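Numbering (the numbering used here), first residue to last: 2 to 233. The beta-carbon is built from N, C-alpha and C at its ideal position, and this holds for glycine as well. Just so it is clear, the structure is predicted and the values come from calculations on it, not from any experiment. One structure is given below, encoded as C-alpha cells.
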Ligand SMILES: Nc1ncnc2c1ncn2[C@@H]1O[C@H](COP(=O)(O)OP(=O)(O)OP(=O)(O)O)[C@@H](O)[C@H]1O
Ligand SMILES: [Mg+2]
C-alpha cells in the first residue's frame, strides 16, 4: 500500500527553484533514503511534505488523499512527523516535558511518554535537562519529540550527522526496531551514505531540485548521473 505520493511538485524561493517537477512514491513500512549534494532540495522536500511550505505546482497525497488544503497541524494529526536538521530543545524543560508537549497536543495518554522514552533509549534520562545529554541522546530526543504525536511516516533530516560510527550503529538499531515493531515508514535524509546503505529499501537521489535516480542503493551508487552530481 502506498503511504505517500509526491506528484510533480515545484517549490520556488525568491531567486531559486528548490524543487523542479519532483515525484516520489513511498510504500507503507518502507525505509526510503533521500540523498543529494548540499542545497539539492532535501530539507525543502520534507518541509513541503509537512506543510511548512506550500508547493507552487503539483500535489502531495497521504494515504491516497491530497494534503493540499491541510495545514501543518492537520498533517501531523494524520500521521506525518519530522526531525530537524539541527536538534532543537528548550533548556530548563526536562526530557519528559519535551515529549509531553506532542502528546498533550494530540490527546495521547501520559503513559505513552514513558513508552516513547523507552523506545528511543532515554528512559533513564527523563528528568534530565536536554543540555546534559550526549550528542547521541540529543538526537534520540529529536526522535522522541517526533514520536510524541504517534506518526506513521517519520521523516529524519540528517539524524546521523555528528555521531560516531558506534553511535550511528546504535541509532540504526533503534530506527530499524521502530520500523519493524511499529510498522513505521521512514524517510531518511543523510549525507552518511554508509548508514543510509545499511537502512534503506530504496533510495531517491535529488540534485539541484531534480530527482536524478531512484532504486536500490547499489543501483543508484553505480549511476553515472549520480556519480557526476557528487564528484562534480
Ligand atoms: N527558506 C528558504 N528561503 C530561501 N531559499 C531557501 C530556503 N530554504 C532553502 N532554500 C534554498 O533552496 C535550495 C535547497 O535547499 P535545501 O535546504 O532544501 O537543501 P538540502 O538538500 O537540504 O541541503 P543540505 O544537504 O545542505 O541540508 C538551496 O538553494 C537553498 O539555498
Ligand atoms: Mg538539508
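Point to revise | Exposure label - residue 166; buried when at least 16 CB within 10 Å | key: Taking the first residue of the chain shown as 1, we reach residue 166 at position 165. Looking at its Cβ environment, which holds fewer than 16 other Cβ atoms inside 10 Å, residue 166 is exposed.
**Study point:** the stretch 21-38 touching the stretch 70-89, judged by at least three CB pairs closer than 8 Å
**Key:** no
Exercise for review: Identify the continuous beta strand (DSSP E) that holds residue 139 and give its terminal residues.
Suggested key: Here residue 139 refers to the residue found at position 138 of the chain shown. Unbroken run through residue 139 is the alpha helix (DSSP H), 136-148; no beta strand (DSSP E).
Exercise for review: Give the straight-line distance between the Cα atoms of residue 216 and residue 190, rounded to the nearest whole angstrom.
Suggested key: Position 215 of the chain shown, counted from the first residue, corresponds to residue 216. Position 189 of the chain shown, counted from the first residue, corresponds to residue 190. Rounded to the nearest angstrom, the two C-alpha atoms are 15 Å apart.
Practice item. Check whether the stretch 153-163 touches the stretch 92-107, counting contact only when three or more Cβ pairs, one atom from each stretch, lie closer than 8 Å. Key: No, the stretch 153-163 is not in contact with the stretch 92-107.
Point to revise | At least three beta-carbon pairs within less than 8 Å, the stretch 199-211 to the stretch 35-45 | key: yes
Review point. Where does residue 179 fall in DSSP's three states?
Key: Taking the chain shown and counting its residues from 1, the one referred to as residue 179 is at position 178. Residue state, collapsed to three classes: helix.
Check your understanding: Relative to the C-alpha of residue 84, which residue among 61, 47, 106 is closest?
Key -> In the chain shown, the residue the question calls residue 84 occupies position 83. Closest by alpha carbon: 47.
Check your understanding: Secondary structure at residue 35, three-state DSSP: helix, strand or coil?
Key -> The sequence position of residue 35 within the chain shown is 34, counting from 1. Of the three classes helix, strand and coil, the one that applies to residue 35 here is strand, per DSSP.
**Study point:** Residues passing the C-beta test against ligand 1 heavy atoms, cut-off 5 Å
**Key:** 14, 17, 19, 39, 40, 41, 42, 43, 44, 45
Review point. What residue from 9, 24, 2 has the CA that sits closest to residue 65's CA?
Key: Counting from one through the chain shown, the residue named residue 65 turns up at place 64. Checked all of 9, 24, 2; the closest Cα to residue 65 is 2.
Review point. Over what stretch of residues does the beta strand (DSSP E) that includes residue 103 continue unbroken?
Key: As a working mapping, residue 103 is identified with position 102 in the chain shown. It is not in any beta strand (DSSP E) - residue 103 instead sits in the alpha helix (DSSP H) that spans 96-106.
Check your understanding: With distances taken between CB atoms, is the gap from residue 201 to residue 4 smaller than 8 Å?
Key -> Position 200 of the chain shown, counted from the first residue, corresponds to residue 201. Position 3 of the chain shown, counted from the first residue, corresponds to residue 4. Not a contact, by the Cβ cut-off of 8 Å.
Check your understanding: Pick from 173, 59, 107: whose alpha carbon is nearest that of residue 195?
Key -> Counting from one through the chain shown, the residue named residue 195 turns up at place 194. Among 173, 59, 107, the Cα nearest to that of residue 195 is on 173.
Review point. Does ligand 2 have a heavy atom nearer than 7 Å to the CB of residue 158?
Key: Here residue 158 corresponds to residue number 157 of the chain shown, with the count starting at 1. Yes, the beta carbon of residue 158 sits closer than 7 Å to at least one heavy atom of ligand 2.
Review point. Excluding five sequence neighbours on each side, which residues of the same chain lie with their C-beta closer than 6 Å to the C-beta of residue 22?
Key: In the chain shown, residue 22 corresponds to position 21, counting from 1. Answer for residue 22: 9, listed in chain order.
Check your understanding: Less than 7 Å between the CB of residue 86 and some heavy atom of ligand 2, yes or no?
Key -> As a working note, residue 86 is residue 85 in the chain shown. Yes, since a heavy atom of ligand 2 falls inside the 7 Å radius drawn around the Cβ of residue 86.
Review point. For the stretch 127-134 against the stretch 147-160, are there 3 or more C-beta pairs whose distance is under 8 Å?
Key: no
**Study point:** CA nearest to the CA of residue 107, picked from 135, 54, 151
**Key:** By 1-based counting over the chain shown, the position of residue 107 is 106. Closest by alpha carbon: 151.
Exercise for review: State the beta-bridge partners of residue 208 as determined by DSSP.
Suggested key: Here residue 208 refers to the residue found at position 207 when the chain shown is read from its first residue. 211.
Check your understanding: Helix or strand or just coil, what does DSSP make of residue 157?
Key -> The count along the chain shown starts at 1 and reaches residue 157 at position 156. Strand, per DSSP.
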